[in-house]
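Q: Handing you this structure, nothing more for now.
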Amino acid sequence: MSLVASVSELDVLNGLDVQPPWMHQVNQPVTYPRMFVEVAQDYGVSREQVLRYAGLPANILDDPAGRLSLLETWKVLLASLCLTGDPTLGFQNGLRLPLTAHGSLGYALMCASTAREALTILERFWHVRGRGVLLMVSETNDAPFFELVPELPMPSALRDLAFSSMLTSMYRGMQFVLPMLPASSEIWLQGAEPAGFQRWQPQLPAVHFDMPRAGIVLQGDRSWLDQPLPTANPEALAQAIAQCERENALLDAVDDVVRQTRAALSLEGGGYPTPEQLADKLHLTPRTLRRRLQDQGQSYRDMLEEARCRDGCQLLANPDLEIQRISELLGYNDPANFTRAFKSWMGVTPSEWRAQRL
1 MSLVASVSEL DVLNGLDVQP PWMHQVNQPV TYPRMFVEVA QDYGVSREQV
51 LRYAGLPANI LDDPAGRLSL LETWKVLLAS LCLTGDPTLG FQNGLRLPLT
101 AHGSLGYALM CASTAREALT ILERFWHVRG RGVLLMVSET NDAPFFELVP
151 ELPMPSALRD LAFSSMLTSM YRGMQFVLPM LPASSEIWLQ GAEPAGFQRW
201 QPQLPAVHFD MPRAGIVLQG DRSWLDQPLP TANPEALAQA IAQCERENAL
251 LDAVDDVVRQ TRAALSLEGG GYPTPEQLAD KLHLTPRTLR RRLQDQGQSY
301 RDMLEEARCR DGCQLLANPD LEIQRISELL GYNDPANFTR AFKSWMGVTP
351 SEWRAQRL
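Its first residue numbered 1, the sequence shown is counted upward by one per residue in the UniProt record's numbering.
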């Protein structure tokens with residue numbers, strides 16, 4: 001059996017330089033790791049084997065309404081990947097997850113009156129279904145882009161596994177709720193195309209690998225956003241929203257600091273905000289902002305580099321912008337510094353990256 005992830009990656013989870021307290025809180029739905037274990041069973045791998053490999057109790061998944069910590073959830077996912085040796089496990093898992101697996105949020109999406117309302121609900125309550133990955137909604141080439149962003153560093157094998165599952169499940173849910181979903185939609189993933197992926201491609205939209213960001217792009221005419229949905233149910237929607245609100249009220253307000261910081265680190269006319277400007281924008285002192293980011297395994301410097309990588313890739317997609325100008329917009333006085341930084345992010349120089357995609 002060829003392991004596409006290894007025990008060392010499980011050790012990475014145990015030995016993260018910073019393990020924020022919320023990573024150990026038992027607040028993750030058991031639904032998602034249970035489904036990964038069920039998919040692994042199709043390969044002849046038992047639940048007991050997966051949990052033993054992950055170093056977890058044999059009964060931890062027994063209660064369908066149970067909860068795990070984020071660290072435990074990640075261990076189950078990596079253990080399933082290691083023991084099956086199939087790098088397409090995430091796609092298989094995402095294709096199996098029904099919309100109802102997402103609890104109150106899934107029911108709210110089913111009962112929304114229009115696609116626009118459903119997508120607003122998804123953005124508003126995404127976080128109630130667990131921690132570890134943020135949903136950021138933006139525009140890419142004038143099309144809505146639903147981006148997944150890790151809240152703290154993830155091993156690449158875990159990131160590719162989790163993101164392929166989440167985006168596949170999200171797309172299938174959109175197909176169910178939005179029968180008029182544009183056929184030109186795309187899934188973007190940051191890792192390389194895994195061996196065996198082509199057998200799942202017919203059930204998915206166009207999937208692009210080795211991308212600078214991970215998410216779903218909804219291309220095409222936007223008139224479908226305001227068309228009535230066949231599953232709309234105002235009364236059931238109100239009940240589902242109320243339950244989402246109750247779940248949201250149980251979450252610690254400090255959880256929003258990473259999402260708010262990412263949103264505030266946008267490229268504006270004068271460049272990116274300084275730590276002091278950012279703290280002021282979030283109504284925090286610089287010291288409090290720094291401490292809250294540290295509590296979640298983040299720092300201003302790391303998030304600034306992430307924003308520069310994201311925006312650099314977007315700017316390079318415009319062939320009319322010179323690389324020297326892009327480096328200036330991103331805050332690099334010397335284009336050589338931008339080139340070195342970009343190669344450390346993407347493995348190629350800015351000019352090579354642009355040539356591969358234009």
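Backbone N, C-alpha and C define an ideal beta-carbon position, used for all residues, glycine too.
The model shown is predicted, which means the values in this text are computed figures rather than measured ones.
Counting beta carbon pairs with one atom in the region 88 to 107 and one in the region 59 to 69, are three or more of them shorter than 8 Å?
A: no
Q: Give me the residue from Arg308, Val177, Pro212, Lys281 with the minimum Cα distance to Gln356.
A: That would be Pro212, whose Cα lies nearest to the Cα of Gln356.
Q: In whole angstroms, what separates the C-alpha of Val254 from that of Leu282?
A: Because Val254 sits at a pLDDT of 45, beneath the cut-off of 50, its placement in the model cannot be relied upon, and the following sentence gives the value as read from the coordinates. Cα to Cα, Val254 sits roughly 12 Å from Leu282.
Q: Among the candidates Pro234, Ala143, Arg290, Glu306, whose CA atom is the shortest distance from the CA of Ala263?
A: Among Pro234, Ala143, Arg290, Glu306, the Cα nearest to that of Ala263 belongs to Glu306.
Q: Cα separation between Glu328 and Leu315?
A: 12 Å
Q: Between the C-alpha atoms of Glu276 and Tyr171, what's the straight-line distance to the nearest angstrom?
A: 39 Å
Q: Which residues bound the beta strand (DSSP E) around Ala214?
A: 214 to 217
Q: Just mark Leu26 as buried or exposed, buried being the case when its beta carbon has 16 or more other beta carbons within 10 Å.
A: Checking the sequence shown, residue 26 turns out to be Val, not Leu. Classified as exposed, Val26 has fewer than 16 neighbouring CB atoms from the shown chains inside 10 Å of its CB.
Q: Whose C-beta lies closer than 6 Å to the C-beta of Val7 among residues of the same chain, with five residues either side of it excluded?
A: Caution applies to Val7, whose pLDDT of 48 falls short of 50 and renders its modelled position unreliable; the value that the coordinates give is listed next. Same-chain partners within the cutoff: there are none.
Q: Please report the straight-line C-alpha distance between Leu304 and Glu48, rounded to a whole angstrom.
A: 42 Å
Q: What are the residues that DSSP puts in a beta bridge with Ile187?
A: Val207, Ile216
Q: Just the C-alpha distance for Gly94 and Leu278, rounded to the nearest angstrom, thanks.
A: 36 Å
Q: Going straight from the alpha carbon of Leu83 to that of Ala54, what length do you get?
A: Distance between Leu83 and Ala54, taken at the CA atoms: about 10 Å.
Q: On the CB-based measure, 16 or more other CB atoms within 10 Å of its CB, does His208 come out buried or exposed?
A: exposed
Q: Could you give the residue range of the alpha helix (DSSP H) that holds Ala112?
A: Element bounds for Ala112: n/a, residue is neither H nor E.
Q: Mapping DSSP to helix, strand and coil, what is Pro228?
A: strand
Q: Taking Gly85 as the reference, which of Leu161, Arg308, Arg222, Arg52 has the closest Cα?
A: Leu161
Q: Can you give the Cα-Cα distance for Trp224 and Thr339, rounded to whole angstroms?
A: 41 Å
Q: If you count every other CB in all the chains shown that lies within 10 Å of the CB of Ala157, and 16 or more means buried, which is it?
A: buried
Q: Can you tell me whether Leu70 is helix, strand or coil according to DSSP?
A: helix
Q: Below 8 Å, can you find three or more Cβ-Cβ pairs linking the region 282 to 302 to the region 180 to 189?
A: no
Q: Which residues does DSSP pair with Ser164 in a beta bridge?
A: According to DSSP, which records beta bridges pairwise, Ser164 is partnered with nothing at all.
Q: Can you give me the C-alpha to C-alpha distance between Ala206 and Val217, rounded to a whole angstrom?
A: 10 Å
Q: Assuming Val128 is part of the alpha helix (DSSP H), what are its boundary residues?
A: Val128: not part of any alpha helix (DSSP H); DSSP gives it neither H nor E.
Q: Answer with buried or exposed for His127, where buried requires no fewer than 16 other C-beta atoms within 10 angstroms of its C-beta.
A: buried
Q: First and last residue of the alpha helix (DSSP H) that includes Pro150?
A: Counting along the chain, Pro150 falls outside any alpha helix (DSSP H), though it belongs to the beta strand (DSSP E) covering 143 to 150.
Q: Mapping the DSSP letters down to three states, classify Val18 as helix, strand or coil.
A: At Val18, the pLDDT of 48 sits below 50, so the modelled position is not reliable; the number obtained from the coordinates is stated separately. Coil, per DSSP.
Q: Please name the residue, chosen from Pro98, Cys313, Thr73, Ala112, that lies closest to Val133 on a Cα-to-Cα basis.
A: Thr73
Q: Measuring only the C-alpha atoms, how far is Glu193 from Phe91?
A: 12 Å
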